[in-house]
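Novice: Heads up: the sequence shown at position 60 corresponds to 501 in this note's numbering, and the numbers run straight through without jumps.
Using N, Cα and C, we set each Cβ at its ideal position, and we do this for glycine too.
This one's a predicted model, so the numbers in the text were calculated from it and none came from an experiment.
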Amino acid sequence: MSKALFTYDESAAISAGQSNFIKESGAYVITIDEAKVVKSPNGATFIEFSGESTDGQLIQYLSVCINKKDGSANTYGVNMIQAIMGCTEVKSISEKMLSTSQTIVPELAGKRVGLLLQKILRTKQDGGDTYNFEIRIPFYSDTKQTIKERLESQDAKTIDIMLSTLKNKDERRHNPQYSGQPSHDVPPVDAYEDSIPF
Numbered sequence: 442m443s444k445a446l447f448t449y450d451e452s453a454a455i456s457a458g459q460s461n462f463i464k465e466s467g468a469y470v471i472t473i474d475e476a477k478v479v480k481s482p483n484g485a486t487f488i489e490f491s492g493e494s495t496d497g498q499l500i501q502y503l504s505v506c507i508n509k510k511d512g513s514a515n516t517y518g519v520n521m522i523q524a525i526m527g528c529t530e531v532k533s534i535s536e537k538m539l540s541t542s543q544t545i546v547p548e549l550a551g552k553r554v555g556l557l558l559q560k561i562l563r564t565k566q567d568g569g570d571t572y573n574f575e576i577r578i579p580f581y582s583d584t585k586q587t588i589k590e591r592l593e594s595q596d597a598k599t600i601d602i603m604l605s606t607l608k609n610k611d612e613r614r615h616n617p618q619y620s621g622q623p624s625h626d627v628p629p630v631d632a633y634e635d636s637i638p639f
């Protein structure tokens, strides 16, 4: 006696071997699946996001440094988290330890946020090429406004302006223009505010 295991699905067959992850710089509306607190071996603290865009593309390991290795606050990263909180209308976040190796930020799970992502080309330790993404600026998923635009009752323009000039950033070791400085040291735009509109 045989029992059907699969029925042919052409769209599933076409997607075989294809990655479903975000691969290019751009503006994406993401539903955050998980935000977790991660410590690097050198002592820096990050909030690491994973989620899915409205068109079904996935993002993982999207990290924002909130504390430097000496324990001091990383202002750029803290402002980025504040902007994400503002755009998701989350008034406070907390750490919840699930196990000794996993701490999450439960208030951000399930929230939708717009993120302008820049692809950063890097060199792996073995010399090969790799990439990751950095958040350039968050925005409201429903209006495409930044925090500043919403606070000042302005039309959504910043994301489209930034998107029109957004290029991949090449930080590979063989790139002669790479200065050796991490890209997260310099904020991309003066759009982060300490005040939140709620």
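#1: For residue 545 and residue 495, I'd like the C-alpha separation in whole angstroms.
#2: When the Cβ atoms of the segment 580-593 are set against those of the segment 508-520, are three or more pairs found closer than 8 Å?
#3: Using the Cα positions of residue 606 and residue 579, report the straight-line distance between them to the nearest angstrom.
#4: So the candidates are 592, 560 and 461; which of them puts its Cα closest to the Cα of residue 577?
#5: Terminal residues of the continuous alpha helix (DSSP H) containing residue 604?
#6: Taking the alpha helix (DSSP H) that residue 593 belongs to, which residues open and close that run?
#7: For residue 483, collect the residues of the same chain with a Cβ closer than 8 Å to its Cβ; drop the 5 residues on either side in sequence, then sort them by chain order.
#8: Among 538, 542 and 499, which residue has its Cα nearest to the Cα of residue 573?
#9: Can you give me the start and stop residues for the alpha helix (DSSP H) that residue 451 sits inside?
#10: Between residue 504 and the rest of its own chain, which residues show a CB-CB distance below 6 Å, the 5 nearest in sequence each way excluded?
#11: For residue 451, count the other beta carbons within 10 Å of its own beta carbon; 16 or more makes it buried, fewer makes it exposed. Which is it?
#12: Would you say residue 506 and residue 476 are within 7 Å of each other, going by their C-beta atoms?
#13: For the alpha helix (DSSP H) containing residue 523, name the first residue and the last one.
#14: Tell me the rounded alpha-carbon separation between residue 557 and residue 470.
#15: Contact defined as beta carbons within less than 8 Å: I believe residue 548 pairs with residue 478. What is the distance between those atoms, to the nearest angstrom?
#16: Can you tell me which of the three DSSP states residue 489 falls into?
#17: Is the Cβ-Cβ distance between residue 491 and residue 474 less than 7 Å?
#18: Would you give the residue range spanned by the beta strand (DSSP E) that residue 581 belongs to?
#19: Buried or exposed: where does residue 612 fall if 16 or more other Cβ atoms within 10 Å of its Cβ makes it buried?
Specialist: A quick look at the data gives this:
#1: For this step, residue 545 is matched to residue 104 along the sequence shown. For this step, residue 495 is matched to residue 54 along the sequence shown. So the two alpha carbons sit approximately 23 Å from each other.
#2: no
#3: By 1-based counting over the sequence shown, the position of residue 606 is 165. By 1-based counting over the sequence shown, the position of residue 579 is 138. Near 17 Å, if we compare the C-alpha coordinates of residue 579 and residue 606.
#4: In the sequence shown, the residue the question calls residue 577 occupies position 136. That would be 560, whose Cα lies nearest to the Cα of residue 577.
#5: As a first step, residue 604 is located in the sequence shown; it is residue number 163 there, counting from the start. Taken as a continuous stretch (DSSP letters only), the alpha helix (DSSP H) holding residue 604 covers 599-606.
#6: For the purposes of this step, residue 593 is taken as residue 152 along the sequence shown, with counting starting at 1. Counting along the chain, residue 593 falls outside any alpha helix (DSSP H), and DSSP gives it neither H nor E.
#7: In the sequence shown, counting from the first residue as 1, residue 483 sits at position 42. Around residue 483: 510.
#8: Residue mapping note: residue 573 aligns to position 132 of the sequence shown, counting from 1. Of the candidates 538, 542 and 499, the one whose C-alpha sits nearest the C-alpha of residue 573 is 499.
#9: Here residue 451 refers to the residue found at position 10 of the sequence shown. Per DSSP, residue 451 belongs to the alpha helix (DSSP H) from 451-455.
#10: Taking the first residue of the sequence shown as position 1, residue 504 is located at position 63. Cβ-Cβ distances below 6 Å link residue 504 to 487 and 489 in the same chain, with the five nearest sequence neighbours on each side left out; the list follows chain order.
#11: If you number the sequence shown from 1, residue 451 lands on position 10. Answer is exposed; the Cβ neighbour count stays below 16.
#12: Residue 506 sits at position 65 when you count from the first residue of the sequence shown. Residue 476 sits at position 35 when you count from the first residue of the sequence shown. No.
#13: Along the sequence shown, read from residue 1 onward, the residue named residue 523 stands at position 82. Segment 516-529, the alpha helix (DSSP H) holding residue 523.
#14: Numbered from 1 along the sequence shown, position 116 holds the residue referred to as residue 557. Numbered from 1 along the sequence shown, position 29 holds the residue referred to as residue 470. Answer to the nearest angstrom: the Cα atoms are 9 Å apart.
#15: The count along the sequence shown starts at 1 and reaches residue 548 at position 107. The count along the sequence shown starts at 1 and reaches residue 478 at position 37. Actually they are not in contact, since the Cβ atoms of residue 548 and residue 478 sit about 12 Å apart, beyond 8 Å.
#16: As a working mapping, residue 489 is identified with position 48 in the sequence shown. Correct three-state label for residue 489: strand.
#17: Within the sequence shown, the letter at position 50 stands for residue 491. Within the sequence shown, the letter at position 33 stands for residue 474. For residue 491 and residue 474, yes; Cβs fall inside 7 Å.
#18: Start at 1 with the first residue of the sequence shown, and residue 581 comes out as number 140. Where residue 581 is concerned, there is no enclosing beta strand (DSSP E), given that its DSSP letter is neither H nor E.
#19: Stepping through the sequence shown from its first residue, residue 612 is reached at position 171. Under this definition residue 612 is a buried residue.
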